[in-house]
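A quick write-up on the structure given underneath.
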Amino acid sequence: MRRKLINKCLSLLFLYRAFIESMASENASRLTAMQKAEENIEERLDNLNSQFNRQRQNAITEELLDIIAGFEALVRSF
55 MRRKLINKCL SLLFLYRAFI ESMASENASR LTAMQKAEEN IEERLDNLNS QFNRQRQNAI
115 TEELLDIIAG FEALVRSF
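What the sequence shown shows, in the numbering used here, is residues 55 to 132, in sequence order.
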(Lines of atoms letter the chains of each structure in order from A and count residues from 1; the text may use other names and numbers.)
(Lines give C-alpha, C1' and ligand atoms only; values in the text may rest on other atoms or scores of the structure.)
Protein backbone atom coordinates (compact mmCIF):
# COMPACT_ATOMS: atom_id res chain seq x y z
CA MET A 1 0.00 0.00 0.00
CA ARG A 2 2.76 2.41 0.96
CA ARG A 3 4.76 1.62 -2.12
CA LYS A 4 1.75 2.31 -4.36
CA LEU A 5 1.17 5.64 -2.64
CA ILE A 6 4.84 6.60 -2.99
CA ASN A 7 4.83 5.58 -6.66
CA LYS A 8 1.68 7.63 -7.26
CA CYS A 9 3.19 10.65 -5.50
CA LEU A 10 6.38 10.34 -7.52
CA SER A 11 4.40 10.02 -10.73
CA LEU A 12 2.46 13.15 -9.87
CA LEU A 13 5.66 14.99 -9.00
CA PHE A 14 7.26 14.01 -12.31
CA LEU A 15 4.12 15.09 -14.15
CA TYR A 16 4.06 18.39 -12.24
CA ARG A 17 7.74 18.94 -13.01
CA ALA A 18 7.14 18.31 -16.71
CA PHE A 19 4.24 20.77 -16.64
CA ILE A 20 6.36 23.43 -14.91
CA GLU A 21 9.23 22.91 -17.36
CA SER A 22 6.79 23.20 -20.24
CA MET A 23 5.43 26.47 -18.86
CA ALA A 24 8.96 27.79 -18.32
CA SER A 25 9.90 26.87 -21.87
CA GLU A 26 6.80 28.56 -23.26
CA ASN A 27 7.47 31.72 -21.25
CA ALA A 28 11.11 31.76 -22.36
CA SER A 29 9.96 31.48 -25.96
CA ARG A 30 7.49 34.33 -25.48
CA LEU A 31 10.18 36.45 -23.85
CA THR A 32 12.52 35.87 -26.78
CA ALA A 33 9.78 36.81 -29.24
CA MET A 34 8.96 39.97 -27.29
CA GLN A 35 12.63 40.98 -27.12
CA LYS A 36 12.95 40.54 -30.88
CA ALA A 37 9.78 42.57 -31.40
CA GLU A 38 11.18 45.30 -29.16
CA GLU A 39 14.42 45.37 -31.18
CA ASN A 40 12.41 45.62 -34.41
CA ILE A 41 10.33 48.48 -32.98
CA GLU A 42 13.45 50.36 -31.87
CA GLU A 43 15.04 49.89 -35.30
CA ARG A 44 11.86 51.06 -37.03
CA LEU A 45 11.64 54.07 -34.71
CA ASP A 46 15.25 54.99 -35.45
CA ASN A 47 14.56 54.76 -39.19
CA LEU A 48 11.44 56.89 -38.90
CA ASN A 49 13.25 59.49 -36.79
CA SER A 50 16.05 59.68 -39.36
CA GLN A 51 13.54 60.02 -42.18
CA PHE A 52 11.65 62.74 -40.29
CA ASN A 53 14.86 64.65 -39.56
CA ARG A 54 15.93 64.49 -43.22
CA GLN A 55 12.54 65.76 -44.40
CA ARG A 56 12.55 68.49 -41.76
CA GLN A 57 16.05 69.57 -42.78
CA ASN A 58 15.04 69.59 -46.45
CA ALA A 59 12.05 71.79 -45.64
CA ILE A 60 14.28 74.19 -43.66
CA THR A 61 16.80 74.29 -46.51
CA GLU A 62 14.06 75.03 -49.05
CA GLU A 63 12.67 77.81 -46.87
CA LEU A 64 16.12 79.36 -46.43
CA LEU A 65 16.74 79.17 -50.19
CA ASP A 66 13.39 80.91 -50.80
CA ILE A 67 14.30 83.65 -48.32
CA ILE A 68 17.74 84.12 -49.89
CA ALA A 69 16.25 84.19 -53.40
CA GLY A 70 13.71 86.79 -52.28
CA PHE A 71 16.42 88.89 -50.65
CA GLU A 72 18.59 88.70 -53.77
CA ALA A 73 15.62 89.76 -55.90
CA LEU A 74 15.05 92.75 -53.62
CA VAL A 75 18.72 93.73 -53.74
CA ARG A 76 18.73 93.56 -57.55
CA SER A 77 15.62 95.71 -57.80
CA PHE A 78 17.36 98.62 -56.06
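Glycine is no exception: its CB is placed at the ideal position from the N, C-alpha and C atoms.
Have a look at Leu66 and Met77 and give me their C-alpha separation to the nearest angstrom.
-> Your numbering for residue 66 matches position 12 in the sequence shown. Your numbering for residue 77 matches position 23 in the sequence shown. Spanning the two alpha carbons is a distance of roughly 16 Å.
Rounded straight-line distance, which links the Cα of Tyr70 to that of Arg84 | Walking along the sequence shown from the start, residue 84 turns up at place 30. Walking along the sequence shown from the start, residue 70 turns up at place 16. If you take the alpha carbons of Arg84 and Tyr70, they lie about 21 Å apart.
Boundaries of the alpha helix (DSSP H) in which Met77 is found, first to last residue | Here residue 77 refers to the residue found at position 23 when the sequence shown is read from its first residue. Per DSSP, Met77 belongs to the alpha helix (DSSP H) from Arg56 to Ser131.
Just the Cα atoms here: how many angstroms apart are Arg56 and Ser79?
-> In the sequence shown, residue 56 corresponds to position 2, counting from 1. In the sequence shown, residue 79 corresponds to position 25, counting from 1. The straight-line gap from Cα to Cα measures roughly 34 Å.
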